[in-house]
Ligand SMILES: NC(=O)c1ccc[n+]([C@@H]2O[C@H](COP(=O)([O-])OP(=O)(O)OC[C@H]3O[C@@H](n4cnc5c(N)ncnc54)[C@H](OP(=O)(O)O)[C@@H]3O)[C@@H](O)[C@H]2O)c1
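Numbering (UniProt numbering), first residue to last: 1 to 317.
Given below as structure tokens:
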């Protein structure tokens with residue numbers, strides 16, 4: 001199998017390339033090579049997806065192409081124009097941010113926007129990209145991923161919790177009525193490669209089973225195995241203390257704001273039936289914690305509370 005990964009130097013696309021190498025495939029990664037190294041055993045072809053002719057260095061046919069273009073309709077369009085006729089199978093990684101209403105969790109999509117690099121239009125760009133993929137490749141595999149975790153995660157969101165549990169002591173956790181799901185990058189990668197091998201087509205959400213957030217955090221604490229006391233903090237106190245939900249500085253990651261309460265509760269049934277095979281939570285936590293340790297547990301985080309912020313929050317109870 002000759003597998004082309006548009007990316008391959010970080011996180012999910014790196015996991016996909018690594019999975020392809022593990023299975024003995026001929027893996028070509030197309031990237032600038034600025035974000036990191038491709039997995040050992042994969043070949044890097046340097047490309048610039050911002051340039052009109054940026055993919056010209058990619059020659060020959062591919063049994064499968066995996067495109068993870070995050071925020072650029074033009075990248076998706078150009079990849080289809082250049083490579084769509086030379087690929088046996090096509091995967092596009094979209095996001096559950098494509099959905100319009102996370103309060104109810106309906107299946108309605110955002111209006112498509114054929115633009116590039118507008119963070120506020122992330123979901124709209126994903127919808128436009130999905131449409132372009134399906135127009136060119138009606139047999140494509142499109143996965144709308146939920147929260148991706150594991151080795152290489154640059155968001156600091158899920159990883160906050162294993163890292164925090166590893167420090168032990170009294171841990172502030174949000175006391176909320178909310179479900180949360182996640183998907184490990186290695187599981188998503190295995191599913192993407194399986195899809196290429198089997199010629200799976202169709203559009204799926206890509207997330208594991210949803211569980212109450214409190215249960216998930218308890219499970220993470222158990223998996224880390226340190227001596228912790230989880231201290232539930234009511235949502236009203238979090239709001240009073242100006243703690244941010246979901247991500248970013250001074251946040252409690254994975255706690256969802258009111259308008260996004262159903263974002264972590266999407267049905268994993270179709271993905272599980274189509275081959276997504278989530279590893280046990282303990283393994284996902286071990287992978288996330290190892291990654292956190294490689295970054296440094298005491299670093300300044302993109303998401304979560306600093307020890308001082310957490311102490312102040314607990315004192316406010
Ligand atoms: N993180 C989450 O929780 C989450 C949730 C839902 C969906 N998703 C989706 O999952 C996917 C994640 O993909 P990913 O983890 O592989 O990371 P990514 O941040 O989308 O990067 C993918 C690749 O793009 C390459 N790249 C950047 N600029 C380039 C350019 N001008 N020309 C050519 N290549 C370029 C990067 O390599 P170089 O810099 O080396 O060129 C990198 O290997 C995205 O589609 C994202 O929307 C993520």
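Quick reminder that beta carbons are idealized off the backbone N, C-alpha and C, glycines included.
Within the segment 240 to 314, note down every full beta strand (DSSP E) run reaching 3 residues or more, in order along the chain.
The segment 240 to 314 contains these whole beta strand (DSSP E) runs: 244 to 246 and 251 to 253.
Return the chain-ordered list of same chain residues with a C-beta closer than 8 angstroms to the C-beta of residue 292, the five sequence neighbours on each side being excluded.
Against the chain shown, residue 292 aligns to sequence position 292. Once the five neighbours on either side are set aside, the close Cβ partners of residue 292 are 159, 162, 163 and 166.
Is the beta carbon of residue 141 less than 9 angstroms from the beta carbon of residue 196?
Within the chain shown, residue 141 is the residue found at index 141, counting from 1. Within the chain shown, residue 196 is the residue found at index 196, counting from 1. Result yes, Cβ atoms of residue 141 and residue 196 sit closer than 9 angstroms.
In the DSSP output, what is residue 217 paired with across the bridge?
Residue 217 sits at position 217 when you count from the first residue of the chain shown. In DSSP, residue 217 forms no bridge with anything.
Between 220, 288 and 114, which lies nearest to residue 168 when the distance is taken from Cα to Cα?
Your numbering for residue 168 matches position 168 in the chain shown. Considering only alpha carbons, the answer is 220.
Would you grab the beta carbon distance between residue 302 and residue 155 for me? Rounded to a whole angstrom, and I think it's under 8 angstroms.
In the chain shown, counting from the first residue as 1, residue 302 sits at position 302. In the chain shown, counting from the first residue as 1, residue 155 sits at position 155. Right, the Cβ-Cβ distance comes to about 7 angstroms (below 8 angstroms), so this counts as a contact.
Under the criterion of a Cβ to heavy atom distance below 8 angstroms, does residue 11 qualify as lining ligand 1?
By 1-based counting over the chain shown, the position of residue 11 is 11. Residue 11 Cβ: within cutoff of ligand 1.
Going by DSSP, what residues sit across from residue 180 in a beta bridge?
Sequence index remark: in the chain shown, residue 180 carries index 180 (1-based). According to DSSP, which records beta bridges pairwise, residue 180 is partnered with 211.
Tell me the rounded alpha-carbon separation between residue 279 and residue 96.
Your numbering for residue 279 matches position 279 in the chain shown. Your numbering for residue 96 matches position 96 in the chain shown. Going by the C-alpha atoms only, they are around 21 angstroms apart.
Does the segment 211 to 225 touch the segment 307 to 314, meaning 3 or more C-beta pairs lie closer than 8 angstroms?
Not touching, per the Cβ criterion.
Taking Cβ positions, are residue 126 and residue 94 nearer each other than 9 angstroms?
Looking up residue 126 in the chain shown gives position 126. Looking up residue 94 in the chain shown gives position 94. Against a cut-off of 9 angstroms, the Cβ pair of residue 94 and residue 126 comes out as a contact.
Indicate the three-state DSSP secondary structure (helix, strand or coil) for residue 316 in the structure shown.
Start at 1 with the first residue of the chain shown, and residue 316 comes out as number 316. DSSP places residue 316 in coil when its eight states are reduced to three.
Is it right to say residue 213 is buried, meaning 16 or more other beta carbons lie within 10 angstroms of its own, or is it exposed?
For the purposes of this step, residue 213 is identified with residue 213 of the chain shown, where counting begins at 1. Burial call: buried.
Out of 5, 304, 72 and 6, point me to the one whose CA is closest to residue 242's CA.
Working through the chain shown from its first residue, we reach residue 242 at position 242. The candidate whose alpha carbon is nearest that of residue 242 is 304.
What residue range does the beta strand (DSSP E) around residue 226 cover?
Locating residue 226 in the chain shown gives position 226, where the first residue counts as 1. Segment: none, residue 226 is in no beta strand (DSSP E) and carries neither H nor E.
For the beta strand (DSSP E) holding residue 198, just list the boundary residues, first then last.
Taking the first residue of the chain shown as 1, we reach residue 198 at position 198. Residue 198 -> not in any beta strand (DSSP E); alpha helix (DSSP H) instead, spanning 185 to 198.
Just to confirm, are residue 233 and residue 175 a CB contact at a threshold of 9 angstroms?
Along the chain shown, one-based indexing puts residue 233 at 233. Along the chain shown, one-based indexing puts residue 175 at 175. Against a cut-off of 9 angstroms, the Cβ pair of residue 175 and residue 233 comes out as a contact.
Across which residues does DSSP place residue 169 in a beta bridge pair?
Within the chain shown, numbered from 1, the residue matching residue 169 stands at position 169. 228, per the DSSP bridge assignment.
Indicate the three-state DSSP secondary structure (helix, strand or coil) for residue 174 in the structure shown.
Residue numbering aside, residue 174 sits at position 174 when the chain shown is read from its first letter. In the structure shown, residue 174 sits in a strand (DSSP, three-state: E or B).
So, at 6 angstroms on beta carbons, what are the nonlocal neighbours of residue 136 in its own chain, with the 5 sequence-adjacent residues on each side left out?
The sequence position of residue 136 within the chain shown is 136, counting from 1. Within the same chain, residue 136 has close Cβ partners 80 and 84.
Which residue spans inside the segment 16 to 81 form an unbroken beta strand (DSSP E) run of at least 3?
With a minimum length of 3 residues, the continuous beta strand (DSSP E) runs that stay inside the segment 16 to 81 are 26 to 31, 43 to 46 and 62 to 67.
Going by the CB atoms, is the gap between residue 130 and residue 203 shorter than 9 angstroms?
As a first step, residue 203 is located in the chain shown; it is residue number 203 there, counting from the start. As a first step, residue 130 is located in the chain shown; it is residue number 130 there, counting from the start. For residue 203 and residue 130, yes; Cβs fall inside 9 angstroms.
Under 9 angstroms, do residue 207 and residue 257 count as touching if we go by C-beta distance?
Here residue 207 refers to the residue found at position 207 when the chain shown is read from its first residue. Here residue 257 refers to the residue found at position 257 when the chain shown is read from its first residue. No, the Cβ-Cβ distance between residue 207 and residue 257 is not below 9 angstroms.
Who does residue 90 pair with in a DSSP beta bridge?
Within the chain shown, the letter at position 90 stands for residue 90. DSSP lists 65 as partners of residue 90.
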